[in-house]
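Chemist:
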Amino acid sequence: MATDQLIHDLYAEIVKIPLIDPHSHIDPHRPTARTLDDILGYHYYTELAHSAGMDKALLADAPPRERVRSLLAHMDRFDNTVQYGWFLEIARTFLGFTGERLSAADADALWDAAERVFARPDWESEVMRRSNLEKVFLTNDFDDPLTKFDTSRYVPCLRTDDLVFRLDDPQVRQRLARATGEEGRDQVSLQRAVRRLFEHFTAHGAKACAISLPPDFVPSASGPGVFWMLAEHCREFNLPFDLMIGVNRCVYRNGVTQGQDLFDQRTSLIQYAELFNAFPEVTFCVSVLTSAQNQELASYSWIFPNVVTSGHWWYSNIPAYIEQDARARLQAVPKTKQLGYYSDMYKLEFGLPKYNMYRRVLAKVLADDFVRAGAMTEGGAVELARLLLRDNARRIFRV
Amino acid sequence: MATDQLIHDLYAEIVKIPLIDPHSHIDPHRPTARTLDDILGYHYYTELAHSAGMDKALLADAPPRERVRSLLAHMDRFDNTVQYGWFLEIARTFLGFTGERLSAADADALWDAAERVFARPDWESEVMRRSNLEKVFLTNDFDDPLTKFDTSRYVPCLRTDDLVFRLDDPQVRQRLARATGEEGRDQVSLQRAVRRLFEHFTAHGAKACAISLPPDFVPSASGPGVFWMLAEHCREFNLPFDLMIGVNRCVYRNGVTQGQDLFDQRTSLIQYAELFNAFPEVTFCVSVLTSAQNQELASYSWIFPNVVTSGHWWYSNIPAYIEQDARARLQAVPKTKQLGYYSDMYKLEFGLPKYNMYRRVLAKVLADDFVRAGAMTEGGAVELARLLLRDNARRIFRV
Amino acid sequence: MATDQLIHDLYAEIVKIPLIDPHSHIDPHRPTARTLDDILGYHYYTELAHSAGMDKALLADAPPRERVRSLLAHMDRFDNTVQYGWFLEIARTFLGFTGERLSAADADALWDAAERVFARPDWESEVMRRSNLEKVFLTNDFDDPLTKFDTSRYVPCLRTDDLVFRLDDPQVRQRLARATGEEGRDQVSLQRAVRRLFEHFTAHGAKACAISLPPDFVPSASGPGVFWMLAEHCREFNLPFDLMIGVNRCVYRNGVTQGQDLFDQRTSLIQYAELFNAFPEVTFCVSVLTSAQNQELASYSWIFPNVVTSGHWWYSNIPAYIEQDARARLQAVPKTKQLGYYSDMYKLEFGLPKYNMYRRVLAKVLADDFVRAGAMTEGGAVELARLLLRDNARRIFRV
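Chains as they are written, first to last, in our numbering: chain A, 1231 to 1629; chain B, 1231 to 1629; chain C, 1231 to 1629.
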């Protein structure tokens, strides 16, 4: 940073923008970590440690404090990764860590610091404030009661993977019946069930519907598809539909929890052309998994009024791909149609390092491609960042 | 620019190279804009404005002056894009605009300036001179009479999409019959028709045959394909064949005119292996739509003597992709086999900003990858640029 | 280099790391060039010259000294390429060339210098020393006797393309029968043959099994596949399995020798999911041909403990793709699971310029993404480079 004053200055302004985080997995009843294990239990650490040779038994069966020590002991195998960088930033910013590198020798001090810090009565608000997070979208199961949390801070979002891909599962049927009074065994019952879910969610402040989709998924109006029905209800209930396109579940069958999913690069947004044409009133906030498909996303969003670029997802959420993908979007997609970033986090503490990673890349792209190229003033670049990090989300999701 | 002296110096030399523009949609009888509506009617502006929320009615039915005002009013939604940058450069260079950003408030002044400037008797020559354009290739319908224009300045090129993809259309049949005296209903008649078209075009100075192709197109020697017949005539008549690979037409069905086409990234040049093998005497000037397929293009051009890289097309025609794609080509493809850029323009005024965009990227790549890396002198880098912008086109198209 | 002190300093340290080169085509009985024709006969030069218009007859039938002169005469058509850069570096470093550019006028002087230099009795050791090469892996035919060379310097590797793809060829059958006493006409005989090959190779110091695979290959446990059998023997004999994924053979049918192969970008590592799951004990060192598939590779290696990233192969072995691909791997894949580079060379003289190309890119990425970003000290960055260039290969291949 220090080597480039313009990037430094832009970054300093960008971090002041209060964030609307349009996609996370936060549990609003337990939004922050309680122990260091809640931090290092994040699948990025368990899967990287396992991938680098750590035995699954050490990960699964150990008591939390020992699991953390083992993870720290394995970190020297993946301390090159950005995910390690996120944790280092958490340790430094929130836990007072002052060393250069983390190792098993830091386990006790970090554990104790975490216990102390995370137990503060105002910890949740402090994390929000220090991370400059204003609103955080959730990912709620369809049968979530959505009660007992502040929906102006934690914005509900109807996650629909179970409805589209697991409705054959008796447990899912039962959950649907309990939530809606409908078993959804025929089109009429299914229609009624979905309608009740949308009524329930919008009554409780939901601002989006969301789903993750495998690479070979092709939405279609023909056949008894739940997916198409969801799009119809998004239209009726005025909800944007988050499409997270491209993930194959359980590719590595013996992987750690949440560390089993991968993808097939051979997928195309052309599979969604019929959908985008059929629902001009629905805003589709699209995430893709690969940088190659990002070129499709930038192009489809440049052409379709109802297609919006959304964040930098999972395997594309590293600076090498964020930089290339964000550059293309900023050069080709109307600035009002870009949701710059979302955290995808499970615990609030990750908002800060993840957004900082994005904001550093964004400052660099704005400096190189816009301010230095003479296309924008510094002030103009910061206003553009404000759209990406805040104002577009407010307008698109009506929050 | 100013921040990097070497890039600045290279750019200053590169802009002095007189351009051969090997692909445009210029109407030689009306090559320049007559009103500002001819500029802002370019599909890049109508599609971006529509994508950013502008009603199609405002675009289709409004009187030209009002349409321009509406477009300018919507520009603050896409003033981050390079296409906005092209227009800003036109306004500054040709229309005397001196402000920072364009808005509806500039509509009258720009309209009047355009009316005044575009009406100058020497405007066509002035644009050519100030843009440093020497020759501009056209894209002519097969039944274009090719008369009453200077074919040494505007080089005819036989566009063959209609013949390959729309020969079932009675109107196309009629046009073919009128142009050639043949209806093309059997192989013999079709052969005669195609031969007459090639005779007509080459007699009128045509220097290339061109076509755009969908992602799933696979040329084949078997079956009664017009495409294969065209390649045979390119061989016989000594014409390079421009292949623009990868576009799906009318994906966004309700899009504005020319703002409906997109693509499927899942396409490969392996589909053209049989063609490239069958016609070693024909030079294929290949454009691709995606940066991922650019790696295929660079590799196929590195191996096949008759495959030449051509320009940066459409959704790849933004600096983020031009830079990566040009770098790969410059590092891997013989320098004599690269057509650096073409304008794809409908009005001459766009030559300047589009080529400037390319020349800025080219200066940067030459500075970073060649001059600073010690692989070339500044003079050598400028000579390389001269091949890309001028000399390769002259040799390959024999102009 | 000189323009950036940090990159310069990192590079200076990185070149001191003794190299383990995990993949080459060196003939251990004739590891160095004997004439300049051995250098310029490398397919990169013959295919680029041919692609740029050089007649195959000049390449195939000419006496060596004339062929070299002709190649040099054509070099001004591809002196922009990195491959030209490798040769220029060889000429300067080993042959005393002091000029700016190479041409036919240099043919005699270079030929004579090469004759003199390559004939030195200690030339092989001198090249190894000046290139800082410690061990070089070979690519041995399955019936290679593996005798009369120093297997601690030249590490045998069982190349299995013939077994998997050409077992129907009577010549291959015969070679198999001679090498193993088995014709491999049924599963039992084939099992025995493969076992004997593994016994022979491991007894002679082989440290890997390797194969190159077409884009549509899908390994499967069902059916009488030799490939699956090889993986089983890798498990039993404790050998890593190098998978070089994505090449189509003989795409350009009239190309020069080894200058005929290309690829289809439409391939995915999902095709290997069953394999990776079935053999957790086998380390798969995976090379891919495209930068788009590199994102898959980085992701699969991040998740699967037994998938390791390996080098920058063929059409991806140019700085534009090395930089992007290496950045992604360094940000996302545990550092212990990356084989940074291999030479793929046929003559030892190419180790120096090829590794230097990689080391320059690596120094730049380490400077920009790690040291300047504050994520690593300079010393830490050099230690990371040591893993990529040496220590990971030693651990993974047990050398």
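A virtual CB, placed ideally from N, CA and C, is assigned to each residue, including glycine.
Measuring CB atoms only, is the segment 1267 to 1287 of chain A touching the segment 1526 to 1535 of chain C, in the sense that at least three cross pairs come out at less than 8 Å?
Modeler: Yes: the two stretches touch, three or more of their Cβ pairs being nearer than 8 Å.
Chemist: Contact between the segment 1550 to 1563 of chain B and the segment 1605 to 1619 of chain A: three or more CB pairs below 8 Å?
Modeler: No contact exists between the segment 1550 to 1563 of chain B and the segment 1605 to 1619 of chain A.
Chemist: The segment 1487 to 1507 of chain B: which residues have C-beta closer than 9 Å to a C-beta of chain A, in chain order?
Modeler: Within the segment 1487 to 1507 of chain B, the residues whose Cβ lies closer than 9 Å to some Cβ of chain A are 1489, 1490, 1491, 1492, 1493, 1494, 1495, 1496, listed in chain order.
Chemist: Helix, strand or coil for residue 1530 of chain C? Go by DSSP, reduced to three states.
Modeler: Reading the third sequence from its first residue, position 300 is the one you call residue 1530 of chain C. Correct three-state label for residue 1530 of chain C: helix.
Chemist: Residues in the segment 1523 to 1551 of chain B with C-beta within 7 Å of chain C's C-beta atoms, listed in sequence order?
Modeler: Cβ contacts with chain C: 1523, 1525, 1526, 1529, 1530, 1532, 1533, 1534, 1535.
Chemist: On the DSSP bridge list, what partners appear for residue 1342 of chain A?
Modeler: Along the first sequence, read from residue 1 onward, the residue named residue 1342 of chain A stands at position 112. DSSP lists no partner for residue 1342 of chain A.
Chemist: I need the DSSP call for residue 1501 of chain A, collapsed to helix, strand or coil.
Modeler: Your numbering for residue 1501 of chain A matches position 271 in the first sequence. Correct three-state label for residue 1501 of chain A: helix.
Chemist: Could you list which residues in chain A have their beta carbon closer than 7 Å to that of residue 1308 of chain B, in chain order?
Modeler: For the purposes of this step, residue 1308 of chain B is taken as residue 78 along the second sequence, with counting starting at 1. The answer, in chain order, is 1564, 1565.
Chemist: Straight-line CA distance for residue 1268 of chain C to residue 1396 of chain C?
Modeler: Start at 1 with the first residue of the third sequence, and residue 1268 of chain C comes out as number 38. Start at 1 with the first residue of the third sequence, and residue 1396 of chain C comes out as number 166. Whole-angstrom Cα-Cα distance: 28 Å.
Chemist: Could you spell out where the beta strand (DSSP E) holding residue 1474 of chain C opens and where it closes?
Modeler: Here residue 1474 of chain C refers to the residue found at position 244 when the third sequence is read from its first residue. Run containing residue 1474 of chain C: 1471 to 1475, per the beta strand (DSSP E) assignment.
Chemist: Kindly confirm or deny that the segment 1322 to 1336 of chain C and the segment 1578 to 1593 of chain B touch, where touching means at least three C-beta pairs closer than 8 Å.
Modeler: No: the two stretches stay apart, fewer than three of their Cβ pairs being nearer than 8 Å.
Chemist: DSSP three-state label for residue 1464 of chain B, please.
Modeler: In the second sequence, the residue the question calls residue 1464 of chain B occupies position 234. Looking at residue 1464 of chain B - three-state DSSP - the assignment turns out to be helix.
Chemist: Identify whether residue 1518 of chain C lies in helix, strand or coil by the three-state DSSP scheme.
Modeler: For the purposes of this step, residue 1518 of chain C is taken as the residue at position 288 of the third sequence. Strand at residue 1518 of chain C.
Chemist: Could you tell me whether the segment 1353 to 1372 of chain C touches the segment 1248 to 1256 of chain C, where touching means 3 or more Cβ pairs closer than 8 Å?
Modeler: Yes, since at least three Cβ pairs between the segment 1353 to 1372 of chain C and the segment 1248 to 1256 of chain C fall closer than 8 Å, the two stretches touch.
Chemist: With DSSP as the reference, label residue 1540 of chain C as helix, strand or coil.
Modeler: Here residue 1540 of chain C refers to the residue found at position 310 when the third sequence is read from its first residue. It is a strand residue.
Chemist: Could you pull the start and end residues of the alpha helix (DSSP H) that residue 1267 of chain A belongs to?
Modeler: The residue you call residue 1267 of chain A lines up with position 37 of the first sequence. Run containing residue 1267 of chain A: 1266 to 1270, per the alpha helix (DSSP H) assignment.
Chemist: Buried or exposed: residue 1510 of chain A, going by 16 or more other Cβ atoms within 10 Å of its Cβ?
Modeler: Within the first sequence, residue 1510 of chain A is the residue found at index 280, counting from 1. Counting Cβ neighbours within 10 Å, residue 1510 of chain A comes out exposed, since fewer than 16 surround it.
Chemist: Taking 7 Å as the limit between beta carbons, can you name the residues of its chain near residue 1248 of chain C, skipping five residues before and five after?
Modeler: The residue given as residue 1248 of chain C occupies position 18 in the third sequence. Excluding sequence neighbours, residue 1248 of chain C sits near 1362, 1364, 1620.
Chemist: Identify whether residue 1367 of chain B lies in helix, strand or coil by the three-state DSSP scheme.
Modeler: For the purposes of this step, residue 1367 of chain B is taken as the residue at position 137 of the second sequence. In this structure, residue 1367 of chain B counts as strand in the three-state DSSP scheme.
Chemist: Can at least three beta-carbon pairs, one atom from the segment 1308 to 1323 of chain A and one from the segment 1517 to 1530 of chain A, be found at a separation below 8 Å?
Modeler: Too few Cβ pairs lie closer than 8 Å, so no.
Chemist: What residues of chain B sit near residue 1370 of chain C, judged by a beta carbon separation below 8 Å?
Modeler: Reading the third sequence from its first residue, position 140 is the one you call residue 1370 of chain C. Correct list: empty, because the minimum Cβ distance to chain B is about 27 Å.
Chemist: Output needed in chain order: residues of the segment 1468 to 1488 of chain C with a Cβ under 8 Å from some Cβ in chain B.
Modeler: Taking 8 Å as the Cβ-Cβ cut-off against chain B, the residues of the segment 1468 to 1488 of chain C that qualify are 1478, 1481, 1482, 1483, 1484, 1485.
Chemist: Taking DSSP as the reference, what is the three-state secondary structure of residue 1372 of chain B?
Modeler: The count along the second sequence starts at 1 and reaches residue 1372 of chain B at position 142. Three-state DSSP puts residue 1372 of chain B in coil, outside helix and strand.
Chemist: Would you tell me roughly how many angstroms separate the C-alpha atoms of residue 1349 of chain A and residue 1337 of chain A, rounded to the nearest one?
Modeler: For the purposes of this step, residue 1349 of chain A is taken as residue 119 along the first sequence, with counting starting at 1. For the purposes of this step, residue 1337 of chain A is taken as residue 107 along the first sequence, with counting starting at 1. Between residue 1349 of chain A and residue 1337 of chain A, the C-alpha separation is close to 18 Å.
Chemist: Taking its Cβ as the centre, do 16 or more other Cβ atoms sit within 10 Å of residue 1398 of chain B, making it buried, or is it exposed?
Modeler: Walking along the second sequence from the start, residue 1398 of chain B turns up at place 168. Exposed, since its Cβ has fewer than 16 Cβ neighbours within 10 Å.
Chemist: In chain order, what residues of the same chain lie with their CB nearer than 6 Å to the CB of residue 1657 of chain B, ignoring the 5 residues before and after it?
Modeler: Nothing can be reported for residue 1657 of chain B: it is not among the residues displayed for chain B, which extend from 1231 to 1629.
Chemist: Please specify which runs of the beta strand (DSSP E), each continuous and at least 3 residues long, are wholly inside the segment 1368 to 1416 of chain C, giving them in chain order.
Modeler: Here the runs fully enclosed are 1387 to 1389.
Chemist: Can you pull the chain A residues whose beta carbon is under 8 Å from the beta carbon of residue 1521 of chain B, in chain order?
Modeler: For the purposes of this step, residue 1521 of chain B is identified with residue 291 of the second sequence, where counting begins at 1. In chain order: 1522, 1525.
Chemist: What residues match up with residue 1440 of chain C in a beta bridge as DSSP calls it?
Modeler: As a first step, residue 1440 of chain C is located in the third sequence; it is residue number 210 there, counting from the start. Looking at the DSSP assignment, residue 1440 of chain C forms a beta bridge with C/1389, C/1472.
Chemist: What do you reckon, are the CB atoms on residue 1505 of chain A and residue 1461 of chain A nearer than 8 Å?
Modeler: Position 275 of the first sequence, counted from the first residue, corresponds to residue 1505 of chain A. Position 231 of the first sequence, counted from the first residue, corresponds to residue 1461 of chain A. Their beta carbons are under 8 Å apart, which means residue 1505 of chain A touches residue 1461 of chain A by this criterion.
Chemist: Can you say whether residue 1360 of chain A is buried or exposed, counting buried as having 16 or more other CB atoms within 10 angstroms of its CB?
Modeler: Taking the first sequence and counting its residues from 1, one reaches residue 1360 of chain A at position 130. Residue 1360 of chain A comes out exposed.
Chemist: Would DSSP call residue 1251 of chain C helix, strand or coil?
Modeler: What you label residue 1251 of chain C is simply residue 21 of the third sequence in a count that begins at 1. Residue state, collapsed to three classes: strand.
Chemist: Starting from residue 1602 of chain A and walking both ways along the alpha helix (DSSP H), at which residues does that stretch end?
Modeler: Along the first sequence, read from residue 1 onward, the residue named residue 1602 of chain A stands at position 372. Here residue 1602 of chain A belongs to no alpha helix (DSSP H), and DSSP marks it neither H nor E.
Chemist: Can you tell me whether DSSP reads residue 1568 of chain B as helix, strand or coil?
Modeler: Taking the first residue of the second sequence as 1, we reach residue 1568 of chain B at position 338. Reduced to three states, the DSSP call for residue 1568 of chain B is strand.
Chemist: Of the choices A/1379, A/1473, A/1455, whose alpha-carbon is the least far from that of residue 1540 of chain A?
Modeler: On the first sequence, residue 1540 of chain A is found 310 positions in, with the first residue counted as 1. Selected option, being the one with the closest Cα: A/1473.
Chemist: Starting from the C-beta of residue 1271 of chain B, find all residues in its chain whose C-beta is less than 6 Å away, skip the five residues before and the five after it, and write them out in chain order.
Modeler: Numbered from its first residue, the second sequence carries residue 1271 of chain B at position 41. Excluding sequence neighbours, residue 1271 of chain B sits near nothing in its chain.
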